[in-house]
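Engineer: Numbering (this note's numbering), first residue to last: 231 to 422.
C-beta atoms are modelled at their ideal positions from N, C-alpha and C, and glycine is treated no differently.
Keep in mind it's a predicted model, so treat the numbers as computed, not measured.
First the structure, which I've put down as C-alpha cells, then a few questions once you've had a look.
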Ligand SMILES: O=P(O)(O)OC[C@H]1O[C@H](OP(=O)(O)OP(=O)(O)O)[C@H](O)[C@@H]1O
Ligand SMILES: O=C(O)c1cc(=O)[nH]c(=O)[nH]1
Ligand SMILES: [Mg+2]
C-alpha cells in the first residue's frame with residue numbers, strides 16, 4: 231500500500247480536516263488527520279493495519295513479544311496490527327500526564343514494537359519508549375499509519391511508516407495570518 235492509497239482511505243472516511251488545530255506537541259496546523267473517522271470502519275482499519283503488519287514483519291527480524299499502542303489514538307491500530315502479526319497487543323495510557331503501562335506486566339527484556347496512528351514530532355513515541363525502557367523492555371521499532379514529518383523526526387528507534395505526508399505545522403507565536411484568523415481547536419486527548 232502506498233501513500234496515495236492510505237490518504238485515499240483517509241479522504242474517503244472524511245478524516246482529512248481543514249481549519250486551525252492545536253496538535254499534541256503544541257504546534258498549530260491547518261490540517262488534522264482525524265484517524266477516529268477511519269478507525270470507526272473495521273474494513274478500512276483492517277486494510278491499513280494488515281499492510282503495516284507486513285512492513286513490520288519485513289523490517290523487524292526475530293520475535294516480537296508485544297505490540298504497544300499509546301492511548302487513545304494508538305489503541306485501535308495497535309490491536310488490529312497485532313492481530314495480523316499474531317502477537318498480543320497492550321497499551322500505555324496517561325496517568326498524571328505521563329504514559330504508564332497501568333493494566334499489564336511485561337518481563338524485562340520483552341521485545342516490543344510501538345504502533346501509533348499519526349506521527350508529527352515523534353514526542354508521543356519518545357514518551358512511550360521512555361515508559362517501556364523504564365520497565366526493562368527492548369523497543370525494537372516503532373510504526374505508524376501516517377508520518378506527518380515525512381521521515382524527518384527521529385524517535386531513536388527505526389520508524390516504520392505506512393505513509394509519509396508532510397503537513398505544515400507552526401509554533402503558536404509564528405502563525406500565518408490566515409491561520410491566526412480561525413479559532414483554534416484541540417482534538418487530541420493530551421491534557422484532558
Ligand atoms: O508525534 P507527536 O507530535 O507526538 O503527535 C502525534 C500524536 O498526537 C496524537 O495523540 P494525542 O496526544 O493528540 O491524543 P490521541 O491519541 O487521543 O488522539 C496522535 O495520536 C499521536 O499520538
Ligand atoms: O500532531 C498531532 O497531534 C496530530 C496530528 C494529526 O493530524 N492527527 C492527530 O491525531 N494528531
Ligand atoms: Mg495519540
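To the nearest whole angstrom, what separates the beta carbons of residue 429 and residue 361, a pair I think is in contact under 8 Å?
Structural biologist: Limits of the chain in this structure are 231 at one end and 422 at the other, which puts residue 429 out of reach.
Engineer: Along the chain, where does the alpha helix (DSSP H) containing residue 241 start, and where does it finish?
Structural biologist: Position 11 of the chain shown, counted from the start, is the residue given in the question as residue 241. Note, residue 241: alpha helix (DSSP H), 233-242.
Engineer: Give the C-beta separation of residue 311 and residue 282 to the nearest angstrom, bearing in mind that I take them to be a contact with Cβ-Cβ under 8 Å.
Structural biologist: Counted from its first residue, the chain shown places residue 311 at position 81. Counted from its first residue, the chain shown places residue 282 at position 52. Rounded, the Cβ-Cβ distance is 5 Å, consistent with contact.
Engineer: Which residue from 234, 248, 396 and 322 puts its Cα closest to that of residue 409?
Structural biologist: Position 179 of the chain shown, counted from the first residue, corresponds to residue 409. The shortest C-alpha separation from residue 409 is found at 248.
Engineer: Which value, in whole angstroms, describes the spacing of the CA atoms of residue 306 and residue 405?
Structural biologist: Position 76 of the chain shown, counted from the start, is the residue given in the question as residue 306. Position 175 of the chain shown, counted from the start, is the residue given in the question as residue 405. C-alpha separation (whole angstroms): 33 Å.
Engineer: Mind pulling the alpha helix (DSSP H) runs of 4 or more residues that sit fully within the region 306-365?
Structural biologist: Taking only runs of at least 4 residues, the alpha helix (DSSP H) segments lying wholly in the region 306-365 are 353-364.
Engineer: Identify, in the order they occur along the chain, each residue of the same chain with its Cβ nearer than 6 Å to the Cβ of residue 372, setting aside the five sequence neighbours on each side.
Structural biologist: For the purposes of this step, residue 372 is taken as residue 142 along the chain shown, with counting starting at 1. Hits under 6 Å: 344, 355, 385, 387 and 389.
Engineer: Can the beta-carbon of residue 272 be found closer than 8 Å to that of residue 299?
Structural biologist: Your numbering for residue 272 matches position 42 in the chain shown. Your numbering for residue 299 matches position 69 in the chain shown. No, they are not a contact pair.
Engineer: Confirm the yes/no value for this check: CB of residue 260, any heavy atom of ligand 1, distance under 7 Å.
Structural biologist: On the chain shown, position 30 is the one that residue 260 refers to. No; taking the cut-off as 7 Å, the Cβ of residue 260 has no heavy atom of ligand 1 nearer than that.
Engineer: Pick helix, strand or coil for residue 289, following the three-state DSSP scheme.
Structural biologist: Start at 1 with the first residue of the chain shown, and residue 289 comes out as number 59. Correct three-state label for residue 289: helix.
Engineer: Is there at least one non-hydrogen atom of ligand 3 closer than 7 Å to the beta-carbon of residue 347?
Structural biologist: Against the chain shown, residue 347 aligns to sequence position 117. At least one heavy atom of ligand 3 is nearer than 7 Å to the Cβ of residue 347, so yes.
Engineer: Does the beta carbon of residue 302 fall short of 7 Å from some heavy atom of ligand 3?
Structural biologist: Numbered from its first residue, the chain shown carries residue 302 at position 72. Residue 302: yes, Cβ under 7 Å from ligand 3.
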